[in-house]
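Protein chains in written order, with the UniProt record's numbering: chain A, 1 to 249; chain B, 1 to 314.
What follows is a single structure, written as structure tokens, with notes after it.
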Ligand SMILES: Nc1ncnc2c1ncn2[C@@H]1O[C@H](COP(=O)(O)OP(=O)(O)OP(=O)(O)O)[C@@H](O)[C@H]1O
Ligand SMILES: [Mg+2]
């Protein structure tokens, strides 16, 4: 119970600057929107025609946004570690776990807001919305967001003495994670070792579930796989992250 | 309130071991106001970080209000306030928001947190800055916010790591007003400072640390009397005989002749000077000038280490 209340306090603190200046939220979306517009239009002209490419691309874009957006959890944590404000928080009775979850929850909620915006943007271009599927998809995305934010925080703690390491590792991990999840290009035609790696990537299942959900297939096995994978990812992320937070001090 | 035994912290830096704090033994009673004084790198912040549960000791133990910092950090955290050497407020957060958050972190409800935040905005003269992100404040304004953050929950024990650094003289005086008011209300205050005058004038007790070890611990007055003593300077027509007479003054030390000037150190200069003058008069030595100079804490540090704190700190 206390953990919930404390998480709320940390979450409120973290989310307030965004509420006070929501324009930043839109700037954070520039990359996925540009990506969506360029690639989406390109491919719709080439292969599928009508609006079908959106159905394939939007879920991937949301995952991509999740990956790049939740990085800021670690980035902000790094800044607060070197500035001294994290120390101030660490001396209060608030638990380390609440500090971590509150932070990642904020990233997750922002991700939710951003995905809603993206969906609204693509609707006029022929994106077919299956409401229930979309809602479950967003829920799934926010669960993954918690995991991603938590891992990012853990990385920030590990790299706190050599900040550049944070960016190096983050970038190095991000690209293969993205490629191997089938976000950008279908993985079916890839060589078998790559397909194997992609099967080991928890995000792959999430991407598949997102695609199924946005296609309106709520009850398929892909959705179950995605949910299990996302929850497991988030739980492991939070455990690793909370452990790391306890190591800061 | 604070009790440490053999408190030690080592850091490993590039396979070398830095002994930041070596076997700190310290007892601070409830209601004391203690200044922790030492040159850069002496181990002040490291000690404070161990006492505030931010850093695990390499060995030794520390108890705060009876609670072991390692075994029961949560209990320690509930009882203390901490103003670190860095910035307590996050740069992207508004001044008032951070104060409100701080209240919430210590279990105040939302209304109480807002009330307390407004109160502190007033007393720390931050009201005009309340809606600005902390990152846009000047150094001194930010320091005032840091201090306000440390006082939000009215802790029974407050640690301050160089609270006055970056403050102009007027704000430093204000800060001391707050500290003395806290002290009057029973708060135990443990602070580090570089300002010798500050430790000298305000703290009841001065703990001097150098190379991770406590080298002196007493009231500023006694430290100065015991370790440095007052400087007496007399100029006379006969420095040689003056020096001989000065040597016979009880507890006189370091008698030095320099031209017509004779300097010596004694624990209580104002009491010794008349005695010395009378003795010189009786010996028909003609005294031209006489002066007592009070020692500073820098003299204490110099006497203890052979180095001047001013030079080391610069
Ligand atoms: N995290 C750390 N890693 C490695 N060495 C450290 C670390 N923190 C402190 N040290 C070293 O420990 C020693 C004591 O540092 P500390 O910060 O406690 O000094 P200080 O008395 O607070 O100095 P200052 O007056 O400059 O604030 C220094 O030699 C410092 O370099
Ligand atoms: Mg320091």
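Even for Gly, the Cβ is constructed at its ideal location relative to N, Cα and C.
These numbers were taken from a predicted model, which means no experiment stands behind them.
When DSSP states are grouped into helix, strand and coil, residue 75 of chain A belongs to the helix group. Only those residues of the region 17-32 of chain A whose C-beta falls short of 8 Å from the nearest C-beta of chain B are listed: 17 and 20. Going by DSSP, residue 33 of chain B is part of the beta strand (DSSP E) stretching over 33-37.
Using a 10 angstroms sphere on the CB of residue 120 of chain A, the tally of other CB atoms stays under 16, which defines it as exposed. Residue state for residue 69 of chain B is assigned as coil, using DSSP reduced to three classes. Residues of the region 74-93 of chain A that bring their beta carbon within less than 9 Å of a beta carbon in chain B comprise 76, 79, 80, 82, 83, 84, 85, 86, 87, 88, 89, 90, 91, 92 and 93, in sequence order. Distance from the CA of residue 273 of chain B to the CA of residue 309 of chain B, rounded to the nearest whole angstrom, comes to 28 Å. Contact of residue 136 of chain B with chain A is not assigned, every C-beta pair being separated by 8 Å or more. Rounded to whole angstroms, the Cβ separation of residue 236 of chain B and residue 291 of chain B is 13 Å, and the two are not in contact under 8 Å.
From the beta-carbon of residue 243 of chain A, no residue of chain B is found nearer than 9 Å; the closest lies around 15 Å away. Only residues of its own chain outside the window of five on either side were considered, and among them 198 have a CB closer than 8 Å to the CB of residue 190 of chain A, listed in chain order. Under the Cβ distance rule, residue 246 of chain A does not count among the residues neighbouring chain B, no pair being separated by less than 8 Å. A Cβ closer than 6 Å to some heavy atom of ligand 1 marks a residue here, and those residues are B/11, B/13, B/18, B/20, B/38, B/40, B/41, B/42, B/43, B/44, B/45, B/46 and B/85. If you look at residue 82 of chain B, you'll find it isn't in any alpha helix (DSSP H); it sits in the beta strand (DSSP E) that goes 80-83.
Within the region 159-224 of chain A, there are no complete beta strand (DSSP E) runs of at least 3 residues.
A distance below 7 Å between beta-carbons, with the five flanking residues on each side excluded, links residue 182 of chain A to the following residues of its chain, in chain order: 198, 204 and 207. In this structure, residue 161 of chain B has its CB closer than 7 Å to one or more heavy atoms of ligand 2.
Counting the other CB atoms within 10 Å of its CB gives residue 200 of chain B a total of 16 or more, which places it among the buried residues.
The C-alpha of residue 106 of chain A is placed about 26 Å away from the C-alpha of residue 142 of chain B. Within its own chain, the residues whose Cβ lies closer than 7 Å to the Cβ of residue 9 of chain B, once the five positions on either side in sequence are excluded, are 20, 21, 46, 50, 55, 57 and 58, listed in chain order. Taking the CA atoms as reference points, residue 196 of chain B sits about 8 Å from residue 296 of chain B. For the C-beta of residue 91 of chain B, the chain A residues within less than 9 Å are, from N- to C-terminus, 79, 80, 83 and 85. The region 114-124 of chain B and the region 70-87 of chain B do not touch, with fewer than three beta-carbon pairs separated by less than 8 Å.
Here DSSP, grouped into helix, strand and coil, assigns residue 251 of chain B to coil.
In the structure shown, residue 88 of chain B adopts coil according to DSSP, grouped into three states. DSSP places residue 23 of chain B within a strand segment (E or B) once states are collapsed to three. If you compare the alpha carbons of B/161, B/131, B/241 and B/180 with that of residue 20 of chain A, the shortest gap goes to B/131. At a cut-off of 8 Å between beta-carbon atoms, residue 160 of chain A makes no contact with chain B.
A distance below 8 Å separates the beta carbons of residue 116 of chain B and residue 152 of chain B. Residue A/79 holds the alpha-carbon nearest to the alpha-carbon of residue 92 of chain B among A/142, A/90 and A/79.
By the CB criterion at 8 Å, residue 203 of chain B and residue 33 of chain B fall inside the cutoff.
If you draw a straight line from the Cα of residue 109 of chain A to the Cα of residue 140 of chain A, it comes to about 12 Å. Residue pairing by DSSP places residue 4 of chain B opposite B/26 and B/62 in a beta bridge.
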